[in-house]
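Visitor: Just passing along the structure, written as structure tokens.
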Amino acid sequence: MSIHLYNSLTRKKEKLVPLQEGKIKMYVCGPTVYNNIHIGNARPAIVFDMVRRYLEYRGYDVFFVSNFTDVDDKIIKAARELKEEVPKVAERFIHAYFQDTEALGVKKADLHPRVTETMPDIIQFIEALIQKGYAYEAEGDVYFSTKSFKEYGKLSSQSIHELLSGARVEIGEKKQDPLDFALWKQAKEGEISWDSPWGKGRPGWHIECSAMVKKYLGDTIDIHAGGQDLAFPHHENEIAQSEALNGQEMAKYWMHNGYIQINNEKMSKSLGNFVLVKDIIKKHRPEVVRFFMLQAHYRSPLNFNEELLESAKNGLERIQSTTDNLKHRLAHSADLGGEKEEWAEKVKEHKADFIKEMDDDFNSANGISVLFDLVKEANKYLQEQQSSKEVLQFFIHTIRDIGAVLDIPIETEEEIMDAEIETLIQERIEARKNRNFSRADEIRDMLKEKGIILEDTPQGTRWKREQ
RNA sequence: GGCGGCAUAGCCAAGUGGUAAGGCACGGGUCUGCAAAACCCUUAUCCCCCGGUUCGAAUCCGGGUGCCGCCUCCA
């Protein structure tokens, strides 16, 4: 059994064969830090975090790098509007990025290099490209000559000819060719800048990733990932730069996540349908957002709205309440034995199914449906009169295991109940014993208003907090 | 104009040749003092439309229709 993944470069599912046995070098294009991230930015963060966790789960030693673009036109513009220095703006939104993604269960990368900290490498990279004849200086700017790289367009299957005839390509004044793109941009008056052989300026957008990949991961890496929209021109340009310089393939596998849409439209400022992560997680638990995203395959377009989040929440609660029920049963009933082998076998099968689904291009949607199937089996087991601690534990362990791979919390937090609530619950137990059901119901309603839900089970009354 | 994606039940969403997963919502039943949770049953004769290939297609091919995106440093 091995992992297969869809490679955007070949447009086929391919078997994952790492460059180095047991190791995966992975790079994900990170954000330009000029504002708070929106729900669309959250998708690559979440899905590639899932990919990373799954690879680790399958025993790979994953080295994961994701950059921050901390200087560029948009940040300069934002800084001007905020009347702040560029580094301060970048710093603030890097902090915000970590806050938002951490809430969404995204693990930090092994390295988060920044453009401003990679300047010497970027400059070296550009110099080398010029030396090799793939780039040229033009009045303080440096451009990559696309026609010098014969495979230009291979990722996005664009032909240079067609691109040239495209109506939207504009001819920059200093460019030799309309398809050439900037490696280095001369600083305008008063702009933040760095010294270079071509005068003061800053890097173009694409060069940073090429330089960082080379510096931290090497000339060829296993997986290069990012949003679908980055395929062209960003990734195409990265390939051109890196492969022109290194003379070898930049990445074996390219992965691109699908778009989040709002009512089947792209999010955009002009449509006013921007949903910021920090706003949505005020209203909905962040793990619900993560669970929602993982319920779709990462390459599919995914529609987003609050009702959909609400139904994801109900689904997640189903998993959580089953796990809580298993734990309650384990804690409050004796080991009664009963049939073991048959149930243990079912649990094992589900675990194997989960791996099978995830091995197939990280199909977390199917992975989660296997989890739901497992939950159903667990619930059936809980209906049995006799239960064995061993089997209960096996269920809990396996559900936790799968939950951990996807990083979705599959149990609610253990909470200390306060004295007042405890007294009320005790009083209700007494009332029920005495068949004083009106008092019992009264107490249940009272607690419900405080967000405490009571459930009477054969193993006693249990409570949980409303989510 | 070029490139690409999507179209499956009320909603969301898997499935890429063997006869429609899963979730949410809805209805009926069981359990319960009543609930809650859970379980069982029911819910797409059919996968945008029209042709074709095949013993057999949601799945492959051809042609349409609709929606979305990239070709603007937008994930």
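Numbering-wise (the working numbering), the first sequence opens with residue 90 and increments by one.
Just so it is clear, CB atoms sit at the ideal spot from N, CA and C, and this is done for glycine as well.
Since this is a predicted model, take the numbers as computed values, not measurements.
Work out the CA separation of Leu398 and Val378 for me, nearest whole Å.
Guide: As a working mapping, residue 378 is identified with position 289 in the first sequence. As a working mapping, residue 398 is identified with position 309 in the first sequence. Looking at the two C-alpha atoms, the distance is approximately 7 Å.
Visitor: For Lys435, count neighbouring Cβ atoms within 10 angstroms of its own Cβ and tell me buried if that reaches 16, exposed if not.
Guide: By one-based count along the first sequence, residue 435 stands at place 346. By the 10 Å Cβ count, Lys435 comes out buried.
Visitor: What separation, rounded to the nearest whole angstrom, lies between the Cα atoms of Asn414 and Glu327?
Guide: The residue you call residue 414 lines up with position 325 of the first sequence. The residue you call residue 327 lines up with position 238 of the first sequence. The straight-line gap from Cα to Cα measures roughly 51 Å.
Visitor: I'd like to confirm the pairing. Which residues does DSSP put opposite His486 in its beta bridges?
Guide: Along the first sequence, read from residue 1 onward, the residue named residue 486 stands at position 397. For His486, which the question treats as bridged, DSSP gives no partner whatsoever.
Visitor: Could you tell me the alpha carbon to alpha carbon distance between Glu338 and Ile219, rounded to whole angstroms?
Guide: In the first sequence, the residue the question calls residue 338 occupies position 249. In the first sequence, the residue the question calls residue 219 occupies position 130. In a straight line, the C-alpha of Glu338 is about 20 Å away from that of Ile219.
Visitor: Can you tell which of Pro209, Met447, Gln548 has its C-alpha closest to the C-alpha of Arg141?
Guide: Reading the first sequence from its first residue, position 52 is the one you call residue 141. Checked all of Pro209, Met447, Gln548; the closest Cα to Arg141 is Met447.
Visitor: Do Lys112 and Tyr149 have their beta-carbon atoms positioned less than 8 Å apart in this structure?
Guide: Looking up residue 149 in the first sequence gives position 60. Looking up residue 112 in the first sequence gives position 23. It is a contact, given that the beta carbons lie within the stated cut-off.
Visitor: Once DSSP output is grouped into helix, strand and coil, what is the label at Ile92?
Guide: Counting from 1 along the first sequence, the entry for residue 92 is found at position 3. Residue state, collapsed to three classes: coil.
Visitor: Quick test of your reading: Tyr116 and Ile281, contact by CB under 8 Å. State the CB separation rounded to the nearest angstrom.
Guide: Within the first sequence, numbered from 1, the residue matching residue 116 stands at position 27. Within the first sequence, numbered from 1, the residue matching residue 281 stands at position 192. That pair is no contact at about 26 Å.
Visitor: By DSSP's criteria, His201 is part of a beta bridge. Which residues make up the other side?
Guide: Counted from its first residue, the first sequence places residue 201 at position 112. According to DSSP, His201 bridges with nothing at all.
Visitor: Any idea what DSSP makes of Arg257, helix, strand or coil?
Guide: Residue mapping note: residue 257 aligns to position 168 of the first sequence, counting from 1. In this prediction, Arg257 scores a pLDDT of 46, lower than 50, which makes its location untrustworthy; the coordinate-derived value is nonetheless stated afterwards. Reduced to three states, the DSSP call for Arg257 is coil.
Visitor: Return the first residue and the last residue of the alpha helix (DSSP H) that Gln213 is part of.
Guide: Start at 1 with the first residue of the first sequence, and residue 213 comes out as number 124. Per DSSP, Gln213 belongs to the alpha helix (DSSP H) from 208 to 220.
Visitor: Tell me, please, which residues DSSP counts as bridged to Trp294.
Guide: The count along the first sequence starts at 1 and reaches residue 294 at position 205. According to DSSP, which records beta bridges pairwise, Trp294 is partnered with nothing at all.
Visitor: From the DSSP output, in three-state form, read off His421 for me.
Guide: Here the question's residue 421 lines up with position 332 in the first sequence. Of the three classes helix, strand and coil, the one that applies to His421 here is helix, per DSSP.
Visitor: Just grab the DSSP bridge partners of Tyr232 for me.
Guide: For the purposes of this step, residue 232 is identified with residue 143 of the first sequence, where counting begins at 1. Answer by DSSP bridge pairing, in chain order: Tyr225, Ala271.
Visitor: Where does Phe484 land, buried or exposed, given buried means 16+ other C-beta within 10 angstroms?
Guide: Looking up residue 484 in the first sequence gives position 395. Buried is the call here.
Visitor: Kindly indicate which residue of Asn96, Lys101, Thr99, Ser91 has the alpha-carbon position closest to the one of Glu110.
Guide: If you number the first sequence from 1, residue 110 lands on position 21. Ranking the options by Cα distance to Glu110, first place goes to Ser91.
Visitor: Please classify Gly315: is it buried, with 16 or more other beta-carbons within 10 angstroms of its beta-carbon, or exposed?
Guide: By one-based count along the first sequence, residue 315 stands at place 226. The residue in question, Gly315, is buried, as its Cβ has 16 or more Cβ neighbours within 10 Å.
Visitor: Alpha carbon to alpha carbon, how far is Ile128 from Leu193? Give it in angstroms, no decimals.
Guide: Looking up residue 193 in the first sequence gives position 104. Looking up residue 128 in the first sequence gives position 39. Distance between the alpha carbons of Leu193 and Ile128 is about 11 Å.
Visitor: Cutting at 6 Å between CB atoms, please list the residues of its own chain near Arg517, excluding the five before and the five after it.
Guide: Numbered from its first residue, the first sequence carries residue 517 at position 428. Excluding sequence neighbours, Arg517 sits near Ala529, Ile532.
Visitor: Classify Asn96 as buried or exposed, calling it buried when 16 or more other Cβ atoms lie within 10 Å of its own Cβ.
Guide: Indexing the first sequence from 1 puts residue 96 at position 7. So Asn96 ends up on the buried side.
Visitor: Just checking my contact of Asp266 with Val204 at CB under 8 Å: how many whole Å lie between their CB atoms?
Guide: Locating residue 266 in the first sequence gives position 177, where the first residue counts as 1. Locating residue 204 in the first sequence gives position 115, where the first residue counts as 1. Rounded, the Cβ-Cβ distance is 26 Å, inconsistent with contact.
Visitor: Within the same chain, show all residues whose beta-carbon is closer than 8 Å to that of Gln350, passing over the 5 residues directly before and after it, in chain order.
Guide: As a first step, residue 350 is located in the first sequence; it is residue number 261 there, counting from the start. Excluding sequence neighbours, Gln350 sits near Met356, Pro390, Leu391, Asn392, Phe393.
Visitor: Less than 8 Å separating the beta-carbons of Glu226 and Trp283?
Guide: In the first sequence, the residue the question calls residue 226 occupies position 137. In the first sequence, the residue the question calls residue 283 occupies position 194. Cβ atoms of Glu226 and Trp283: not closer than 8 Å.
Visitor: Just to confirm, is the Cβ distance from Phe451 to Ala329 under 8 Å?
Guide: Locating residue 451 in the first sequence gives position 362, where the first residue counts as 1. Locating residue 329 in the first sequence gives position 240, where the first residue counts as 1. No; because the gap between Cβ atoms is not below 8 Å, this pair is not in contact.
Visitor: Could you tell me which residues DSSP pairs with Glu434 in its beta bridges?
Guide: In the first sequence, residue 434 corresponds to position 345, counting from 1. The partner list for Glu434 (beta bridge, DSSP) is empty, contrary to what the question assumes.
Visitor: Taking the runs of the beta strand (DSSP E) that are 3 residues or longer, which of them lie wholly in the stretch 286 to 334?
Guide: As far as the stretch 286 to 334 is concerned, its whole beta strand (DSSP E) runs of at least 3 residues are 290 to 292, 310 to 316.
Visitor: Would you identify the three-state DSSP class for Met344, choosing helix, strand or coil?
Guide: Within the first sequence, numbered from 1, the residue matching residue 344 stands at position 255. Three-state result, Met344: strand.
Visitor: Anyone know if the C-beta pair for Val154 and Leu306 falls short of 8 Å?
Guide: Along the first sequence, read from residue 1 onward, the residue named residue 154 stands at position 65. Along the first sequence, read from residue 1 onward, the residue named residue 306 stands at position 217. Contact: yes.
Visitor: Of all the beta strand (DSSP E) runs that stay within the bounds of the stretch 133 to 193, which reach a length of 3 or more residues?
Guide: Listed in chain order, they are 150 to 155.
Visitor: Say whether the stretch 460 to 467 touches the stretch 437 to 446, bearing in mind that this needs 3 or more beta-carbon pairs closer than 8 Å, one atom from each stretch.
Guide: Yes, they touch.
Visitor: Smallest Cα separation from Phe152: which of Leu513, Ile215, Asp449, His313?
Guide: Here the question's residue 152 lines up with position 63 in the first sequence. The candidate whose alpha carbon is nearest that of Phe152 is His313.
Visitor: Please return the same chain residues whose Cβ sits closer than 7 Å to the Cβ of Asp161, not counting the five positions on each side in sequence.
Guide: What you label residue 161 is simply residue 72 of the first sequence in a count that begins at 1. The residues are Thr121, Trp294.
Visitor: Just the Cα atoms here: how many angstroms apart are Tyr232 and Ala271?
Guide: Position 143 of the first sequence holds residue 232. Position 182 of the first sequence holds residue 271. Between Tyr232 and Ala271, the C-alpha separation is close to 4 Å.
Visitor: Taking Cβ positions, are Ala167 and Val178 nearer each other than 8 Å?
Guide: Within the first sequence, numbered from 1, the residue matching residue 167 stands at position 78. Within the first sequence, numbered from 1, the residue matching residue 178 stands at position 89. Yes, these two residues count as a Cβ contact at 8 Å.
Visitor: Please classify His250 as buried or exposed, where buried requires at least 16 neighbouring CB atoms within 10 angstroms.
Guide: Counted from its first residue, the first sequence places residue 250 at position 161. Classification for His250: exposed.
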